[in-house]
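Residues 1 to 742 in the UniProt record's numbering are what the sequence shown spells out, letter by letter.
What follows is a set of notes on a single structure, which appears directly below.
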Amino acid sequence: MSIPNKSELSLMQFILLIHGIEVGLATLPLPSQLAQYAGTDGWISLILGWFLVTIISICIVRIMAQHPGEHFKNILILYLGKWVGTVLFILWMIYVLLGALAILLKSVNIIQVWVLPRTPIFLILTLFMFNTFLLLRGDIRLLGRYAVFVFFFTLVMPILLLIPLKDGNVLFLLPVLKEGWWPIMKAVKTSVFAFLGFEITFLVYPYLKNKKDAVKGIIVANTITFIVYLLITLSSFICFSPDEITKYLWPTLMLVKPIQFPFLERMEILFLSFYIFIFLTTFVPYTYFFTDGIAKLVNKDKWKVPFLILPLIVVLSYFFYLTFNQIEDFEGFFNLLSLYFAFAFPFLFLIYISVYKRFKKRRKPNVRRKIQLALLSLSILALAGCGDRIDVEDATLALLYGMELEDDHLNIYEMNPVFNKNAEKKYEMYKVSTDTTRHARPIFNSKMNGQLVTGKVQVLMFSNDMLEKEGIMPYLDSLYRDAKNAANMRLITVKGSVSSILNSEFKDKPILPTYLTNLIDVGKRTNQAAFVTNQEFHTQAFEKGITPAITEIQKKEENIQISGSSLLDNRGKYRASLSRRESAFMVMLQRKANMPLSITLTMPTEFKRPSLLKNISGKDFITMTVFNTKRKVKTRFSQGQFAFDVHLKMEVAIEERTFEANIDNELRNFTRVLNEQIKKELDALLEKIRQNKLDPIGFGIYARAFCYPEWKKVKDNWPETFAEAKVNIYPDITIRDHGVTE
């Protein structure tokens, strides 16, 4: 049976249809799955997987090119006989149906976890089936047009993934081939599974208008998919540390979760809204070719098949519920089947056709049966080896959370605004004593006027005493596990009790959550403390080459003040504090300083001269503004210890001086003194950090990147190893100008 001309696809439709089928679901979990086997070398496995899949795809095209225009079912019957060919085609249709179900279950599960956790599955499926039904009403050209539309409509999605790169670290990718080739080869299996959907070329090829372009089309389709995967994988590997990325089920969504604009939060929901279109470019073609195949088997109009099957899926979902692990097992079973249908079958069937034709020319009797028996033996050998919405008036929007320990019990505080014109106070605070953070939520709900919503929390506070006794890691699990929690909560520690802050009333300040948010943001812009969100803290806590640092505040009589930074170990226990000045130097070494950065230095005695500018104390000071810094770290391992040479170039302008000096005439000497003073401050900071066996700068990341064999031996106790390391600081100041006066 030949394909009618009115159902032909253009080359672009063919390319983007195959690409859309491939890219459906693997985009979200792929970086984590590759990292499980090959670490940050998983991108190499992706290249190898693309190469293998392209070879197999060309085999499929060569098979179908033997009889252009014929349906896959007819080709099977032609070479395998009516009964064997029909049975194999039925098995293929079952495989296609299982693929459609695997895609549907995974996509619905992701939407339910991230967007609609309390919406029944059958309601979500109803929406999916309605759109699927509309697309299946047309012929394959409608699928081709839809694939082209979705490709160009969703081009903005890869651009979103570039935004987090500004906070990434390319050193996470180094060293390349850190564990050799074996882990990379193990990850190739994962990478080829990511391209599943290419095997549907068996069913798409007959509809291609110009079949001479089929090889070019399938190569381009696989290459587009490869580029998308490579971009997502490298972005994830750069933004998440090697020790952290394996903790995420869907790292691609975690990439976009921290992105926010003044008018938009929870970017992952917008990302998933676009991604539903891509889900359909995978699910609908699988469903179309299943219904089309069944229609050809029974010689019935294919329109009646989806009319029966799609409602049946919705009805079954009402009575049967699959857990996340069961869905993962189902996907694993489908991947196992794909080893035979998508990877082994094209190669073996091409060999079969070649041998069959050669023997047929020689007119050997019973050739077909002998070859079938041989392939069956080979196969046996292989076998051995929307009801989720909460109205605003029914919700309590938490803006601030606080935690502290009291008599070995966890006190959790929550503060939220009150949207009632008759209320005297514009906010309210609640306190519960509990054992875990998640257990506190139902207790809060028992006291509140509306259901608690934590997706808008701006500040998460911990008392200093709590950090000294327990650390905060045991209390953050639910924070990261619940997809609806905000990713940009500002983490801070309080010198003193959290309750003293929350019970404060400042008449000339906005409500406390807004006041604290503004205070911390100003501190970030002016480099007064280490600014860390809960997403960034997750990276610092699980990355073995760095230790966390968060903002530290304390209450004064009339206000709240940033006092500097709290340095924590990887469990989140308090180890030391840095002043605001020390914090400024720390963020400069971290390359996180917001420019311009103002630094005031005390000048040595050699600059003491009689001057009208001298202050009351008789000390000489100079204030310079740093406009730009460039840091270069050289790492080596010698004589049993790590050594780091930090070359820090600084472009500065003199903003203030309290002594007489002719800077132009004494520029070299003046610059030398400034370098010495900066070095003295940085050396003191690093000594303090190492004495407390910490590494908030992240020198361990350099050790892993450039001295991996030595790092591997000490990675589990890096802070202690860093305490014995040598760190040499070499400031290099360039004075750009010294103002408009001499």
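The beta carbon of each residue, even a glycine, is placed where N, CA and C say it ideally should be.
- DSSP, read as helix, strand or coil, puts M415 in strand.
- Per DSSP, T493 is one residue of the beta strand (DSSP E) stretching across 490–494.
- A residue is called buried when at least 16 other Cβ atoms come within 10 angstroms of its Cβ; M489 meets this threshold and is buried.
- For P251, the secondary structure class from DSSP, reduced to helix, strand or coil, is helix.
- For secondary structure counted as the alpha helix (DSSP H) over 4 or more consecutive residues, the stretch 671–713 holds these complete runs in sequence order: 699–706.
- The three-state reading of DSSP puts D521 in helix, counting H, G and I together.
- In this structure, A483 sits near V113, with a CB-CB distance shorter than 8 Å.
- Residues S241, D243, E244, K247 of the same chain have their beta carbon placed closer than 7 Å to that of F542, with the five preceding and five following residues left out of the count.
- Under the criterion of beta carbons closer than 8 Å, L161 and S45 do not qualify as touching, at roughly 20 Å.
- Around the beta carbon of K178, 16 or more other beta carbons lie within 10 angstroms, which makes this residue buried.
- Taking one beta carbon from each stretch, the stretch 279–293 and the stretch 510–519 have fewer than 3 pairs nearer than 8 Å; the two do not touch.
- DSSP places L105 inside the alpha helix (DSSP H), whose first and last residues are 82–114.
- Bounds of the alpha helix (DSSP H) holding D465 are 464–469.
- A Cβ-Cβ separation of about 4 Å places G402 in contact with M461 under the 8 Å criterion.
- By the CB criterion at 8 Å, P719 and K679 fall outside the cutoff.
- With contact defined as three or more Cβ pairs closer than 8 Å, the stretch 567–582 and the stretch 462–476 are in contact.
- DSSP places V61 within a helical segment (H, G or I) once states are collapsed to three.
- For the set S317, I232, Q535, F198, the Cα lying nearest the Cα of P120 is the one of S317.
- For L9 against K296, the beta-carbon gap comes to about 18 Å, at or over 8 Å, which does not count as contact.
- Minimum Cα-Cα distance from L272 among the listed residues Q458, I110, Y430, T223 corresponds to I110.
- Just so you know, the alpha carbons of R668 and E660 end up roughly 16 Å apart.
- Taking 8 Å as the cut-off, the beta carbon of L17 is found closer than this to the beta carbon of L143.
- In this structure, the alpha-carbon of I163 lies about 11 Å from that of K257.
- The closest CA to that of M586, considering only G496, N594, I697, D620, is found on I697.
- With a 10 Å radius around the Cβ and a threshold of 16 neighbouring Cβ atoms, D292 comes out buried.
- DSSP places D645 within a strand segment (E or B) once states are collapsed to three.
- In this chain, the beta strand (DSSP E) harbouring G402 covers 400–406.
- Rounded to whole angstroms, P183 and L196 show a C-alpha spacing of 21 Å.
- Here A684 is exposed, its C-beta having fewer than 16 other C-beta atoms within 10 Å.
- T602 is bridged by DSSP to F621.
- Here I103 has G24, L25, F279, T282, F283, Y286 as same chain residues with Cβ atoms under 8 Å from its own Cβ, once five neighbours each way along the sequence are excluded.
- Apart from sequence neighbours up to five positions away, the residues of its chain that approach L34 with a beta-carbon distance below 8 Å are G42, W43, S45, L46, A187, T190, S191, T233, ordered along the chain.
- Nearest neighbour of M473 by Cα position, chosen from P417, L452, F506, N534, turns out to be N534.
- C-alpha of F226 to C-alpha of W50: approximately 6 Å in a straight line.
- By alpha-carbon distance to Q458, the top candidate from A440, F444, N518 is N518.
- Measuring C-alpha to C-alpha distances from I60 to each of K211, E676, L516, E536 identifies K211 as the nearest.
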